[in-house]
Amino acid sequence: MLSTTDIHKISVVIPVLNERESIPELHKRLARVLIELRIPYEVIFVDDGSTDGTFDALRSCRRVRAFRFPRNYGKTAALECGIRNAEGDVIVTMDGDLENQPEDIPLFLEKVLEGYDVVSGWRKNRWYRQRFTRRIPSEIANWLISKTTGVALHDHGCMFKLFRKNALDSMVFLGDMHRFIAAYAVQQGARIAEIPVSFVSRKYGRSKFGLSRTFGVMLDILAFHFFRKYASRPMHFFGRIGFSSIALSGVVFLWALYLRLFMDTHFSRTPLPILIAILIVLGVTLILLGLMAEMILRISYKEGTRYEISDQYHGKP
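First residue of the sequence shown? That's 1 in my numbering, and the numbers climb one at a time after it.
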């Protein structure tokens with residue numbers, strides 16, 4: 001039996017999208033595991049705009065809290081909603097398609113009781129039969145994320161994670177950055193561990209993962225790198241490039257002037273005037289873009305959440 005006296009409450013946060021068939025079994029297995037832990041708990045489902053009756057299935061579950069979005073905002077927004085509304089001092093996140101096994105939750109608790117703030121799952125045997133179409137692209141993406149963030153994990157994309165809630169206090173949820181939540185927490189000083197977890201192919205519905213998503217991950221890596229360095233000062237990023245472009249136009253102008261004065265080559269006989277104009281316009285555009293980014297950033301922070309809740313359900317114990 002785990003010694004869990006320093007854990008006051010566990011919150012399990014599960015974003016779902018068209019998972020109506022999985023809900024009854026997932027809820028039953030979760031309840032059994034959490035009751036056996038003998039720790040106060042809550043289960044929070046966030047329906048990210050499902051169209052198959054997922055929220056109706058959630059209404060039939062006891063002892064759950066469910067939030068419904070009027071449309072699909074994405075997994076990151078759904079996670080933010082669940083985490084912001086969680087009452088536990090320990091938060092477990094997992095997928096709702098039964099690929100993550102609720103019976104593995106005690107393994108996460110063992111690690112957090114050792115002093116870790118974040119415990120990340122590793123789907124070690126995932127896609128062993130699809131090496132070239134899925135496993136290798138996934139390994140490349142995870143390697144790039146590890147190098148970019150400085151947080152070495154085998155499986156950044158695994159939703160099955162555990163966080164101490166205070167590790168997420170300063171978290172800013174933007175775009176489609178849910179893969180980087182653990183890395184962001186570590187960069188803020190959290191201690192992280194990674195554990196192998198069971199992986200079972202979904203019983204119901206179709207996988208929402210495709211090879212095309214790998215390219216989206218690459219874009220997310222660039223976005224995370226930018227966000228980490230320039231999130232609070234985008235003008236520094238765009239401004240540096242803009243002023244560099246203007247400075248380069250000055251160098252080209254001096255070169256054109258040299259050709260005119262000492263080489264007797266007229267401007268009109270070279271592409272230099274066009275190049276100078278392009279560099280100046282590019283520089284000014286980037287500087288203005290940086291100013292707009294600063295304004296958008298401040299408006300975004302004032303507005304707070306980037307999702308709407310159209311319905312809620314609190315199931316009775």
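Backbone N, C-alpha and C define an ideal beta-carbon position, used for all residues, glycine too.
Q | Residue closest to Val151, alpha-carbon to alpha-carbon, out of Leu37, His225, Glu110, Leu58 | A | For the residues Leu37, His225, Glu110, Leu58, the minimum Cα distance to Val151 belongs to His225.
Q.
So, at 8 Å on beta carbons, what are the nonlocal neighbours of Val252 in its own chain, with the 5 sequence-adjacent residues on each side left out?
A. Leu272, Leu275, Ile276, Leu279
**Q.** Identified DSSP bridge partners for Gly121
**A.** DSSP lists Ile195 as partners of Gly121.
Q | Uninterrupted alpha helix (DSSP H) stretches inside the region 43-90 (no shorter than 4 residues) | A | 54-59, 75-85
Q.
Quick check on DSSP: helix, strand or coil for Ser249?
A. helix
**Q.** Cβ neighbour criterion (16 or more within 10 Å) applied to Asn166
**A.** Per the 10 Å Cβ criterion, exposed.
**Q.** Collapsed DSSP secondary structure at Gln353 in the structure displayed
**A.** There is simply no residue 353 to check, as the chain begins at 1 and stops at 317 in what is shown.
Q: Put His27 into one of helix, strand or coil per three-state DSSP.
A: helix
Q. What is the DSSP secondary structure of Tyr307, reduced to helix, strand or coil?
A. coil
Q) How would you write the range of the alpha helix (DSSP H) that Ser11 sits in, first residue to last? A) Counting along the chain, no alpha helix (DSSP H) covers Ser11; the unbroken beta strand (DSSP E) around it starts and ends at 10-16.
Q: Would you mind sorting Phe371 into buried or exposed? The rule is 16 or more other CB atoms within 10 Å of its CB.
A: This structure cannot speak to residue 371, because the chain is shown only from 1 to 317.
Q: Enumerate in chain order the residues of its own chain whose CB-to-CB distance from Ile241 is below 6 Å, with the five nearest sequence positions on each side excluded.
A: Leu286
Q. Is it true that the CB of Arg164 sits closer than 8 Å to the CB of Pro102?
A. No, the Cβ-Cβ distance between Pro102 and Arg164 is not below 8 Å.
Q) Tell me the DSSP bridge mates of Lys161? A) Answer is Thr93, Ser120, bridged to Lys161.
**Q.** Cβ contact (3+ pairs, closer than 8 Å) linking the region 18-25 and the region 75-83
**A.** no
Q. From Asp95 to Arg135, what does the alpha carbon distance come to, in whole angstroms?
A. Near 19 Å, if we compare the C-alpha coordinates of Arg135 and Asp95.
Q. What is the rounded straight-line gap between the Cα of Val197 and the Cα of His154?
A. 12 Å
Q) Just how far apart, CA to CA, sit Gly250 and Lys161? A) Each residue's Cα considered, the two are about 52 Å apart.
Q.
Taking only three categories from DSSP, how would you classify His236?
A. helix
Q) Below 8 Å between beta carbons: does that hold for Tyr204 and Ser22? A) yes
Q. Looking only at DSSP bridge pairs, what is Tyr204 linked to?
A. DSSP, once it has assigned bridges, lists no residue as partnering Tyr204.
(Q) Which residue marks the beginning of the alpha helix (DSSP H) containing Pro137, and which one marks its end? (A) Per DSSP, Pro137 belongs to the alpha helix (DSSP H) from 136-149.
Q) Would you call the CB atoms of Ala256 and Thr270 closer than 8 Å? A) yes
**Q.** Buried versus exposed call for Glu114 [16 or more other C-beta atoms within 10 Å across all chains shown]
**A.** exposed
Q) Just how far apart, CA to CA, sit Arg111 and Val119? A) At residue 111 the sequence reads Lys, which differs from the Arg that was named. Cα to Cα, Lys111 sits roughly 7 Å from Val119.
Q: For Asn125, count neighbouring C-beta atoms within 10 Å of its own C-beta (all shown protein chains included) and say buried if the count is 16 or more, exposed if not.
A: Exposed, because fewer than 16 other Cβ atoms sit within 10 Å of the Cβ of Asn125.
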